[in-house]
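Protein chains in written order, with this note's numbering: chain A, 443 to 997; chain B, 2 to 492; chain C, 498 to 921.
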Amino acid sequence: MALSREIYQALEAIVGKRNISENIGVLETYRNIPAQGSGHYGPSEHWTPLPQAVILPKTAEEIKNIFGICNKYGIEFKASTTFWSAMGYIGGDNAIQMDLRRMKSVEIDVKNMCAVVEPFAIGATVQAEAMKVGLNLNIPGVGCSASTLANFSSWIAFGPNSISMGQGSENILGMEWVLPNGEVMRTGSLGSGDGWFCGEGPGPSQRGLVRGIFGNAGSTGVCTKMAVRLHPWPGPAKLPTYGDAPSYKTDLGDNFKCYTLCYPSWEAWARSIQYFYECDVVYSGHRQFNMFGRDLKAFMLKIITNPDGQLADLETLVQDPELQKQNASMKFDYQIIIAGYTKRDMEYKEKAVDYILEQTGGWKNEMMLEKDMHDYALLYLTRMGHKNLNFVMCGAYEGTFGLSGNVWKAIQVAEEAAARKKYWEQNYTHIAATGGESAMGSLSGIGGGGATGWEFFVNFDAYDKESIRGTSKFIDGNQEIHNKYAFGPDFCRWNSDVRHMNGYNYTQEEHDSMFVKAPQPWVYAYQYKIREAVNPNNLCGTYLRTLNPDKIETK
Amino acid sequence: MLESMKSELTKIVGEQNLSNDQEILSTYATDGSLEKGMTPIAVVKPENAAQVQALIKWANESKTPLVPVSSGAPHFKGGTVPSVPESVIIDLSGMNKIININRQQRMAIIEPGVTYGQLQEALAKEGMTLSTSLRPRANKSVLTSVLEVEPRLNCLHQFNYTEPIRCTETTFGDGNQIYTGEAGNGAKDLETQWDQEKWQVHSNGPQMVDMLRMVLQAQGTMGIVTWASLKCELLPTIKKMYLVPAKKSVDLEAFTYKVIWSRFGDKLFTMNRAYLASLLGETSEKIAELKTELPNWIAAVGISGDIVLPEMKVSGQEQDIEDIAKQTGLQFLHAVNGATGDEVLEKSISPSGENYWKQTYKGGFQDIFFITTLDQTPKFIDAMYDLAIEAGYKAEDIGVYIQPQHMGTSVHLEFNLPYNPGDAKEVKKIKALYEKASKQMSKLGGYYARPYGIWAGIQLNKDAQSYEILKKMKDIFDPNNIMNTGKLTLK
Amino acid sequence: MALIDYRPMMERCSTCAGCKFIPFEKITSLRFAENCPSIGYYDFMTYSARGRFQLSQSLLDGRAVLDDTITEAIHSCTSCGYCDTGCKITRYNLEVLEHNIEQKAYAVENGKMLEGQKPVMENLAKENSMIPGTKKANRMDWAKDLNMKDLFKEKGEVAFFAGCKYSYDPKLQKVAQSAVKLLQGAGVDLGTLGAADNCCTGRAHQMGFFKEFEKGATTNLKAFQAAGVKTIITPCSDCYHAFKRQYAKLGMDIEVLHVVEYVDRLIQEGKIKLTKSVPMTVTYHDPCHLGRLGEAYVPWEGREKKIYNQIHTWEPKRPRYNGIYGIYDAPRNILKAIPGVNLVEMERIREYSWCCGAGGGCSESNPEFSAWTAGERVTEANATGADAMVTACPWCKDNFVNAVDEDGKKIEVLDIIELVQQAM
């Protein structure tokens, strides 16, 4: 059902003719197909509903006015920036899609190490601007092509440098946020016009209403500006690169090193990570390349670091005995970057790494010490510019068996999860046979260590419907292991409780029936009450998990 | 107190944990601040979370204001004196168990009545320590200290603004009790969670709302926390502190920014001579003496090493920080006139003796503190001195403490104004100065993130939108407005 | 291939935004991070390569239709090929540019074109030139005093092919003339196709007019063969790509060189000596069709093959065409060889250069979009502090000459041959 002329014209009056469209062809490009991107539900081949219009605002004021119209006429809305994830797309038939790509500014306060960013300022651009002035940014594991603001405010934002810089949410300072009811919330010191430097308070922090362990994926309005904490960058003002596409590399001099550290067992691997939590040595730490799978990672590395490399090379490369040795060496591995602020600092950090390896029986992978490989991995992990390699195998991937919690917990399940995946690889053809164990994730998802967030990668073909369906079945089964080990929160079928498989929102009754069974149902009931307070017409879809308090039995 | 009330409260906490003795009640009516309070009608001392929940439910039914208190007296911020009549004090100091210590995850779970001394001793046995606020009171509740986000000495480990508190068990003002943080996603039973190797590490959440932030800096207006998990540090095997003297605070600015940027050191703060003298001096006379000996301004830099090559780490950082000092025209010293680094370190991390150190000089004090950025501190300092002179307050008595926080993106700026509470003239003077200075600091851009007493009105008058949202939060979590009624201007 | 044959690719696109930005690792500022002029100007997702993949799915499924808006969206693509290069940073199995052009062909086959394209195609049909208002009869006027053989009348192996822009534009003719004299001076024996010199029709291909392209290309191919041409030298990047990639696909087996390649070679061999100082700071604009689209065609025939259950490959391996073997160093070598010239690079260069805006027929069909695209580049050039922007393509030069940056300022635009001439 198209928007009435009056409504369309009212919206057009807010943003201008050029910045709104109701053309069917245009609207079709604002539907998400979960297998063709980062769905974290499904996967499925369905398309999310068709929006009634797509609108491109430029300011918080425009968004506030858009919300005014939507509230008046009961129209659902959702905003997105890069549209990589299903989360940014609408979930109902009477809804408009907001595209925030016109809002992309970055302003930096060098001394106090923060940047004020708008939604479409992606990690790469914020980092590039920060590096000019000796600063850096926490770029989450999703990569630098994603919106810094969206990640930090509205999703998880664990990343390779979270161990030294904190999770995205830990890096939030003041925020400007248009709530669904049209109120403009300015948090912390911003609210009183004192500046962007503090995002907390006054008193209890309003920011807590809109962002918890993860954000609400656009279901409580739109964050229009955010101050993010920046961190020191002891490197050059411009990231120097060399080499041919796609194998760009960087040489950052003697005060940066990137190592692939390997261990003889899970136990040694976990113990080493424990050490790194305790010594402030790691600048960046991630188990990155294992996403290619235990059987294939070293070979894939050879392909992606060769400008002439192609996936077909896998068949010959896997027969190379030296590469096989390197691959085996990396069985229990992860990558780190150490960065020295001074020569002494670098010397200490190098020695600290050696010490930890000694204590845990670990070693540095030889192949990854070769200059080409080293410089490739260093650039990769510094900029996180290759995250679309998640999809390289077949065009689609899902992260399942999420391991959120402590690293010691993670290793308990690693082989069991790997075995299950390996079984599927060997007995069915739906998923790529990368070798079972394919967990990828940050050494720590939060600052200082302690909480990890890992995904087991499963790669499938988005064009092959059987592959999509089989993968979905595989993930269904993973949920049992997930429950058995009580992982959480919300890491197996990440978003299957916020959106139907066909892309549509859940009803309140459906959500009630899910969350009334939660171990602590009031967690969801409070979210319901918050939604009532700031989104009384319930216009932002169902990513915010809510439980009607009336459904909870009083004891 | 009505008999019916007495009977209901006795049923919940037991007769031995209920008092309406006037002498005892009067001690809760005032504190060391300039806030005026009212005498409560009863004090209850619950022994466990179930009793706390029962009390809150009772308060909702009977519409009785509750004021939670965890630390021993005296208090100094006005947050624990009842603002409305017929309040009941919930004294949680008797709930003082250290529930669990987990070395692997460096976590400790404590009840509200646990003090710093008690906790640090227990942690030391496991090779750990807790980052501390500056020389807390001996009977200061650790849980209150972290809930109120008192500034810690190591800003570089303040990844989350809320460090070191992680998860909590909280009963909100509506009587519902949940765990916050990752603990809220599991069974509502710690033993079960531990069996699943969950150690209550991740603070945000449990889901898409940060329930911890509903009670943080809240002065008990949203709910009561009955346990909190805390992220601990390793107990250093080597720990040192160096002092960097300067004539003016602004002389230390470049040095401080550079040390923070380099991520060196584990403690960093700046004080003027008056503040440092108060910290170090055991007697009023000694404080007066130190005020003449110490440099005008001192930055204190702590360096420590623990399990990974501590000597190399400490030695390297000593030299590197010294280089930074030299580059910024400063000296990096083991000692200055009047103080050694070791003394400053020892005093700053250990709890105060029986008397709170801020009371030593004149018996009373009033702090004014807020958040700003380091480069803005000079204008506030200048303004405070001007106001003090105008008010006839001795400028050399003003203590100034600058504590970088949140990995250096802002600072806690604190003015300490000692006064003699027994001298009515002085009290009047200090009250006038406190009110005027509080307003002026806000005008200049100081942000009262923790808005005690009059700061709540000042801050929220400047920020109408936040006030509206705060009211919404109150309506959700304390719909009958029984939790520390009147605080944060929420009437 | 038809549009439907690209369906697997459409569905294998992972919406990663690689088509919209320069390679993420190359980003050094916010201002010059994006690299798709189409979505840069129009903003809607539809205009990006990902949007086009999704639009195609909708068109094939019958949900979207070729109305005016969609027709304009489809044709508002300069075919610069950056999306293709950007995608191939992390993907190995999508041919993004091919799809975009196929989508245009789909529109053309269904009778959907833009008003501005009509005079271009009409002129091509009538006068064998894609510049409206130009006549076949005048095509070789620019070369009349240059003493080049007519290769149908005299034996010769090297054909100088100016292309429509250099042939007809009076400002640009001088550059072509200079290029010829330069090469002749270095001893190169040049000829032309004379009356058989016609538009390469490369732009027709970029615009999705496949029939017109094939007709023109086949005719030209036969002419080259009949004239015994062994080497084509062209100063026009559009023609360069047309010959090197598209004609080669049709079976042409003739060496194709851009003037800059030849001049670079001659400088290195000492046959061109640059002795006069040209004290100037310049920045070099990589034309799309010389740079990332300047790679040679590699014949391939094969099939899709899945390994490891689902890993998608080709057997035998397909050529990648990710832009790395384009012509980037030759022009830079030339600039470095000119005494006094100081080369400063823009942020978007080489395989991730920003488009001039003229490609895909957009300078005629979407003049505002085209001018905006050029203005963006002038902003970037001015940001380097350079005195002039140098390029090696007449379409680029022409589009830049009248463009202004975001502050309304222009920049001097030079063809690289003009600079070389100044140094001799």
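C-beta: ideal position from N, C-alpha, C; glycine also.
In the structure shown, K500/A falls within a coil segment according to DSSP collapsed to helix, strand and coil. When the beta-carbon positions are compared, V757/C and L787/C come within less than 9 Å of each other. The beta carbon of G79/B sits closer than 6 Å to those of S34, E36, Y453 and G454, all from its chain and outside the five residues before and after it, given in chain order.
Comparing alpha carbon positions, the residue from M943/A, L986/A, E612/A and E549/A closest to E571/A is E549/A. In terms of beta-carbon proximity, C890/C stays away from the interface with chain A, with every pair separated by 9 Å or more.
Contact annotation, V775/C with I835/C: C-beta distance approximately 5 Å; criterion of less than 8 Å satisfied.
In this structure, DSSP gives H728/A an extended state, which the three-state scheme calls strand. The Cβ-Cβ distance between N937/A and A838/A does not fall below 9 Å. For a Cβ distance threshold of 9 Å, residue set D211 and R214 of chain B lies close to R649/A, ordered along the chain. Among the residues of chain C, those whose CB is under 9 Å from the CB of Y905/A are R504, P505, M506, M507, E508, R509 and H809, following chain order. With a threshold of 9 Å between beta carbons, K463/B makes contact with chain A.
In the three-state reduction of the DSSP assignment, P864/C falls in the helix class, which pools H, G and I. Ranked by Cα distance from V887/C, the options C697/C, E915/C, E903/C and I519/C are led by E915/C. DSSP places A74/B in the coil class of the three-state scheme, outside both helix and strand. The beta-carbon of T163/B is placed less than 9 Å from the nearest beta-carbon of chain A. The DSSP-derived three-state label of N937/A is coil.
If the five residues before and after F525/A are omitted, its C-beta is found closer than 8 Å to the C-beta atoms of Y472, N474, G479, Y531 and D541, all from its own chain and listed in chain order.
The DSSP assignment places complete alpha helix (DSSP H) segments of no fewer than 4 residues inside the region 829 to 897 of chain C at 859 to 862 and 864 to 880, in order along the chain. In the three-state DSSP reduction, F600/A falls in the coil class, being neither helix nor strand. Taking a Cβ-Cβ cut-off of 8 Å, L611/C has no neighbours in chain A, whose nearest Cβ is about 16 Å from it. In this chain, the alpha helix (DSSP H) harbouring F741/A covers K739 to I746. Here S34/B carries a coil assignment [DSSP, helix/strand/coil].
For H482/A, there is no enclosing alpha helix (DSSP H), as DSSP gives it neither H nor E. In this structure, the straight-line span from the alpha carbon of I910/A to that of Q554/C is close to 18 Å.
The criterion of a C-beta distance shorter than 9 Å is satisfied by C156/B and G409/B. Listed along the chain, the chain B residues whose CB falls inside 9 Å of the CB of E789/A are M313 and G317. Under the 8 Å Cβ criterion, the region 876 to 886 of chain A counts as touching the region 598 to 608 of chain A, having at least three qualifying pairs.
Residue pairing of M540/A in beta bridges, as defined by DSSP: I497/A and A521/A. Around the beta carbon of Y684/A, fewer than 16 other beta carbons sit within 10 angstroms, so the residue counts as exposed. The alpha carbon of L811/A has as its nearest neighbour, out of Y701/A, V760/A, F929/A and A928/A, the alpha carbon of Y701/A. In this structure, N806/C lies away from L753/A, with their beta-carbon atoms at least 9 Å apart. At a Cβ-Cβ threshold of 9 Å, A563/A and M617/A do not count as neighbours. Boundaries for W526/A: no beta strand (DSSP E) harbours it, and the DSSP string shows neither H nor E there. Of the candidates L672/A, A495/A and N807/A, the residue whose Cα lies closest to the Cα of Q451/A is A495/A. Of all residues in the region 828 to 849 of chain A, only H828, K829, N830, L831, N832, F833, V834, M835, C836, G837, A838 and Y839 place a beta-carbon less than 9 Å from a beta-carbon of chain C. Counting along the chain, L754/C sits inside the beta strand (DSSP E) bounded by residues E752 to H755.
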